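First residue of the sequence shown? That's 1 in the UniProt record's numbering, and the numbers climb one at a time after it.
The next block holds one structure in the form of structure tokens; read it before the comments.
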Amino acid sequence: MHCTTLLLVVLLGCATSCKIPKTYKPLCGTNGISYTNLKALQCHNKANPQNMIRIAYKGRCLRPDIRECNFSSVVKNVCGNDGLTYLNPAMIACKNKLQPKKPDIFMPVLDVKIIGKGKCKTNTRRRKVPNKMVKPSNVTGAKPK
């Protein structure tokens, strides 16, 4: 069985073989595709055992061109200062490379740095967002409340 995946994971051909919960906990796969949750990624792997996909990082893929990054799928988990566990240091480098360099109202600029080897502790959330976010009053057409 071949499973076709689309951005934000619409899985075709997997419905009969996998039960995917509606829980939205997005994951970015090493193929540059966002999966709605772990079960959706596992369903893809079950349907495509010759093309196993790993989790690059938690959250939606920043851009589909993550495939342009040179990274290995070797598991050497590292903890980023955003509180997320990455498969290996190359995943952090890729995320930083693809991240927009100018902040916008929806996403601050945050270069992720490694703060430790291994998985992040679940109760640790060390997100340091620089004070470089665009304020609504600075956006053309925005009015202060």
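The beta-carbon is built from N, C-alpha and C at its ideal position, and this holds for glycine as well.
Just so you know, these numbers come straight off a predicted model, no measurement behind them.
Leu98 and Leu62 - do their beta-carbons sit closer together than 8 Å? The residue given as residue 62 occupies position 62 in the sequence shown. The residue given as residue 98 occupies position 98 in the sequence shown. Going by C-beta atoms, Leu62 is nearer than 8 Å to Leu98.
Proximity winner among Gly32, Ser73, Lys46, Tyr57, relative to Lys19 (alpha-carbon distances): Sequence index remark: in the sequence shown, residue 19 carries index 19 (1-based). Taking Lys19 as reference, the option from Gly32, Ser73, Lys46, Tyr57 with the minimal CA-CA separation is Lys46.
Using the Cβ count rule (16 or more neighbours within 10 Å means buried), how would you classify Ile114? Here the question's residue 114 lines up with position 114 in the sequence shown. It counts as exposed.
What are the start and end residues of the beta strand (DSSP E) that includes Cys28? Numbered from its first residue, the sequence shown carries residue 28 at position 28. Residues 27 to 29.
Identify, in the order they occur along the chain, each residue of the same chain with its Cβ nearer than 6 Å to the Cβ of Gly118, setting aside the five sequence neighbours on each side. Along the sequence shown, read from residue 1 onward, the residue named residue 118 stands at position 118. Cβ within range, chain order: Asn77.
Note down the Cα distance separating Leu110 from Lys58, rounded to an integer number of angstroms. In the sequence shown, residue 110 corresponds to position 110, counting from 1. In the sequence shown, residue 58 corresponds to position 58, counting from 1. If I take the Cα positions, the gap works out to 15 Å.
Does the ligand NAP have even one heavy atom less than 7 Å from the beta-carbon of Gly83? Although the ligand NAP was asked about, the structure shown includes no ligands whatsoever.
Residues bridged to Ser34 by DSSP? In the sequence shown, residue 34 corresponds to position 34, counting from 1. In the DSSP secondary-structure assignment, Ser34 is bridged to Cys28.
Tell me, please, which residues DSSP counts as bridged to Cys43. Here the question's residue 43 lines up with position 43 in the sequence shown. For Cys43, which the question treats as bridged, DSSP gives no partner whatsoever.
Nearest to Val75 by CA position, among Met91, Asn96, Lys121, is which residue? If you number the sequence shown from 1, residue 75 lands on position 75. Nearest Cα to Val75 within the set Met91, Asn96, Lys121: Met91.
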